[in-house]
Structure formats: structure tokens, C-alpha cells
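Engineer: Position 257 of the sequence shown, counting from 1, maps to 277 under my numbering, and the rest follow consecutively. Even glycine gets a Cβ: it sits at the ideal position worked out from N, Cα and C.
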Amino acid sequence: MTAEYDIVILGAGLGGIGMGCVLQQHKLTDFRILEKADAPGGTWRENRYPGAACDTESHLYCYSFNLHTSVSRTYAQQPELLAYAERLVRDGELTPHIDYNAEIVAADWTGDRWTIRLRNGDLATAKVFVAAWGQLNRPQTPDVPGRESFAGQQFHSAEWPAQIDLAGKRVASIGNAASAVQYVPEVAKQAAHLEVFQRSPNWIVPRGDRLYTGDELDSYARDPEIFRESKNALFAWRETTFQRMREGSEDAREIEQQARAHLAAQVPDAALAARLLPDFPLGCKRVLRSDDYYPALMRDNVSLVTDGIERIVPEGIVTRDGTLHAVDVIVWGTGFETQSFQGPVEVHGVDGVSLRDAWADGARAYKGMTVPGFPNFFLVYGPNTNLGHNGVLTMFEAQFGYIAQAAQTVLDEQVSLDVLGDVAQTYDDALQSEMDGSAWAGDCTSWYKNADGRVVNNWSGLVQSYVDQTRDFDRVAYRTVA
Ligand code: NAP
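1) Are the CB atoms of GLU335 and TYR83 nearer to each other than 7 Å?
2) Starting from TRP64, trace the alpha helix (DSSP H) both ways and give me its first and last residue.
3) For ASN470, which option in GLN97, ASP299, THR358 and ALA426 has the closest C-alpha, if you only look at C-alpha atoms?
4) Under the criterion of a Cβ to heavy atom distance below 6 Å, does VAL354 qualify as lining ligand 1?
5) Can you determine whether any heavy atom of ligand 1 sits closer than 6 Å to the C-beta of ASP312, and answer yes or no?
6) Can you tell me whether DSSP reads GLN97 as helix, strand or coil?
7) Pick from ARG264, GLY369, TRP460 and ALA211: whose alpha carbon is nearest that of ALA316?
8) Applying the criterion that 16 or more other CB atoms from any shown protein chain within 10 Å of the CB defines a buried residue, is TRP134 buried or exposed?
9) Three or more C-beta pairs closer than 8 Å, one from the segment 262-269 and one from the segment 400-419: is that the case here?
10) Determine the direct distance from the alpha carbon of ALA294 to that of SER177, and round the result to whole angstroms.
11) With distances taken from CA atoms, which of THR94, LEU54 and TYR104 is nearest PRO116?
12) For the beta strand (DSSP E) that GLY336 lies in, which residues bound it at each end?
13) Which residues mark the beginning and the end of the alpha helix (DSSP H) in which ASP238 is found?
14) Roughly how many angstroms separate the alpha carbons of VAL349 and THR343, rounded to a whole number?
15) Restricting to runs no shorter than 3 residues, where is the beta strand (DSSP E) found entirely within the segment 66-136?
16) Within the present structure, is the beta-carbon of ARG68 separated from the nearest heavy atom of ligand 1 by less than 6 Å?
17) Of the choices LYS387, GLY481 and VAL164, whose alpha-carbon is the least far from that of VAL443?
18) Starting from PHE170, trace the alpha helix (DSSP H) both ways and give me its first and last residue.
19) Whose C-alpha, out of GLY131, PRO403 and SER480, is nearest the C-alpha of SER436?
20) In its own chain, which residues sit with a C-beta less than 7 Å from the C-beta of LEU482, not counting the 5 before and 5 after it?
21) Should ASP456 go down as buried or exposed, given a rule of 16 or more other Cβ atoms within 10 Å for buried?
22) If you drop the 5 nearest sequence neighbours on each side, which residues of the same chain put their C-beta closer than 6 Å to that of GLU366?
23) Whose CA, out of ALA122, GLY61, PRO70 and THR94, lies closest to the CA of VAL28?
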């Protein structure tokens, strides 16, 4: 049986759920959210490692249409963010619109609709297909020789086993970036010994997490506008930090000094501090915020390993200097496959063209949302919409408004809209030229860039500029296809 909808959304993470809420606001009610897992929350459902939290300020990390006034601390932890996602589902009355355990494997443009195929063989069709598949949900575990031969337990940070007890265990963490700096301090408290394998160090600035006081929480509950003012002020302040993302700028130097001072204050051992100092420009990789990562490395039961990993053997990890690091558990904090965007989902547009082929030289999309040859197809958190300086949910909200207007046009006028190839090309050229001189384009490896050095994940400017460019659906950028 084929279910027919006006709109199908892939994914019930914060992107897909937020999109659903905004469709409700626009009274576009014939939509279905298809989610592969059995619950909502996306990244906040998956990442349950100890210490998982958001390093964007809590007041920024919520939607303006559903302020998270009850959030208990300045940097919310995973359980509270998962609860926020569940609250969005409730408040947006989305439950009747979501199918769980409904993994989309393919979407094909069939003349005037999308035909969507699920893993279990079910079909759905939709006039509009919105992919909110996230940028950071396909765990990446590098192919280190011998990986499968390891006799102990090994898992990715995003697949942390619910029942694991690390007390008394010898643990290795491979990776030392945003996820690892959060779980390393927690694992260090439990493990007999923890070895942190660092391929490259990161710039780390202080975090300053704290609980909101009872008075603050009361005031937000009493008058949400006080919370909104705080949110807006944080947004405005974060915008002023954009210059840090320009390589060699005065602002970048200032933050680099802050990061150096943080390292010096927390790691008095000069030899260890030297191994923790990056040699690439600040912002090239994500700048981390942590007050407890460096102190964790200073513990007697923790050591930093900077010799490259050669292979894995049943007993543990062998480094290039020939040392065997015997461990019971390996945690792969090695990040995510971020370049393909579409993951394993096959999408075919006009004339059966594959999205994978269209993106062979790097994913790209007009305003991060539409791709020529793929009518009525929209992306949430698509190419070049990630941020290094501000809260990404503001980008999502801008996309929800634009996509809702576009969907309204498609449904009201019963048309199919395909972004013009030259418009998309001009947009992409301008965006990529703005990347010149950005920290992300600098000399380092990061998940922001593809193998050719093209920045495919990050937005090139101020968030306000993106919000302004996407406020109104620009119908003139689209052609009508039969
Ligand atoms: P990541 O930033 O991609 O870092 C992966 C880590 O694994 C790096 O330290 C990397 O080293 C290392 N690595 C990768 N392959 C390796 C190999 N073959 N051998 C040795 N080391 C290897 O991944 P992540 O820490 O999971 O973070 C990903 C993103 O998720 C973040 O940038 C952030 O946007 C998001 N995140 C956010 C939060 C939050 O608080 N909001 C928390 C966690 C994650 P190199 O640096 O040398 O490549």
C-alpha cells in the first residue's frame, strides 16, 4: 500500500521536528515525519556518552517559537536536550504525524511527486520531500589495521553501551575533539587507567558552565520575554565573534591568547602543555570549550599518547614506536562521516539523476536547501549551513520558514519548483569565494572540508545575513517543471 502525503520529512531530530512545528504553524497539516529510530531526538537521542552536553549556550540552543525556559544550566546536558526534543513533539502536536522505525532508503522524483521507499518495503508519495538527515549522525570508525582482532570491548562515542561499567578497566580513547573532551573527564573518574590517543591537539577555551539560580529560573518562567532578551543578547554577542573565524584576524589572535592562557593555567607541566598546543589557525577545526578536559589529563591515572597508531592487536593498540598499549576497552571518539550528507539514502531527481552524482565534487545547495534537478526537494541543515561562531538552531529556523513558504507555493499553485542551475551556481561561487581567508579553509584536516579542501559544511558569513537572505521564499530563483 502506498501512503500519500503533501509533505514527507526525513528524520525526527531537532531539524525534522522543528520543521514539523513550523508546518503546523503554517497550517500545512498533511505531512509525515519518517524516522528510522524508535524515538525522536536525533543527535540527543544517540549521543549518550557520559558528559554529553551542548557547547552552545542553552538560551541560544532552543527555538524562538518554543523557548526552553526551564533549562537548568548554561550549557545543557544530553538528557535535558532530549527532553526538550520530546517537548517539541508534544507542544507541536506532532505525535500523530510521526512514524518511527520507518527508515527511508530511497526517494525518486516521479514526474510530479516524490516516491519514497522504506527499508521494510513500504512506499509513500509526497509532493514535497524535506530531508532533515543531520550532519553528524553517521559514526566514523577509521580502518586501523587489526581493528576487528581486538579482544576487548570497542565502541564509537555515539554508540555508547547503556550498561557498560568502566570501573577498574584500562581504557583507550582514540580522538580528542568535541565528543572526547566531554567523556574523557567522566571516564577518567571511573577507569583504572585511561590513555588518550591524540593525533592533533585542539584549541580549547574556558566553558564556565553553571546552574541557573532559582531566582533566574523563576523570572524566565514568569516572563519568557526575559529569557528571549537573554537569547537575543547571546545571539548578538556571538555574531560579533564572527571575525574570529577569519584567519589571522585580531579577534582570532585574542581568542588564541585566551586558549593559550587556559592551557598554561590548567597544565603547569610545560612538556605536556607543549604537546597540547595546536599548530593550525584557531577556528580551522571546531574551537572546543572545556574546563575539565585538561585537568583530567593531569590525573595520575590518565596519559596522553601522541605517537601515531600503527595497528590494533587482540591486547590493545600498537603505536608506531612499537609500544603495545594494553587495554580492555577502546572508545572511538573519531567523529562522523559528514561529507555525503545523504548517508545511505539514494535520491534520484529529474531524468533519474542521482544526488550522489550531482554532488560528486562536493555537496552544494542553493541557500543550503535546494539542488537543481531535484524539484520540490528541500534540505534542513544542508551543505554550508553549519556554524563555527553562533547557534545553529537559528539557521534551522530560517530554513523552516523558507521551506514552509516554498511548500505553501507548491501546494497552493499545484506546481513543481526546481531551482535554476545558473542561480544556484552563482550563489555557490559567491559563497565559496567568501570562504577564502576563513579559518575553516586553513591548513588542517577537519570535518568541515572534503578531500579537495572545499568547505562543504560551514556557512560563510553572519547568521543574520543568512536569515535576511532566506526570510522570503524567492520564487524567481525557481523554474516550474511539468
Ligand atoms: P571530530 O570533531 O570529527 O573529531 C574526531 C577526532 O578523532 C579528532 O580528534 C581526530 O583527530 C580523531 N581521529 C579521527 N580519525 C582518526 C584516526 N584515524 N586516528 C587517530 N585519530 C583520529 O568528532 P567529534 O569529537 O565527535 O565531534 C564532531 C562534531 O560534533 C563537533 O565538531 C561538533 O560540531 C559536534 N559535537 C558537538 C558537541 C557539543 O557540545 N555541541 C559535542 C560533541 C560533538 P584529528 O583532529 O587529527 O583529525
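Structural biologist: Taking the geometry as given:
1) No. Outside cutoff.
2) 63-66
3) THR358
4) Contrary to the premise, residue 354 reads as Thr rather than Val in this sequence. In this structure, ligand 1 has a non-hydrogen atom nearer than 6 Å to the beta-carbon of THR354.
5) no
6) strand
7) ALA211
8) buried
9) yes
10) 27 Å
11) LEU54
12) 336-339
13) 234-242
14) 17 Å
15) 124-129
16) no
17) LYS387
18) Per DSSP, PHE170 is not a residue of any alpha helix (DSSP H), being assigned neither H nor E.
19) Comparing Cα-Cα distances from SER436 to each of GLY131, PRO403 and SER480, the minimum goes to GLY131.
20) GLU259 and PHE262
21) Flag for ASP456 reads exposed.
22) ALA126
23) Closest option to VAL28, judged by alpha-carbon separation, among ALA122, GLY61, PRO70 and THR94: ALA122.
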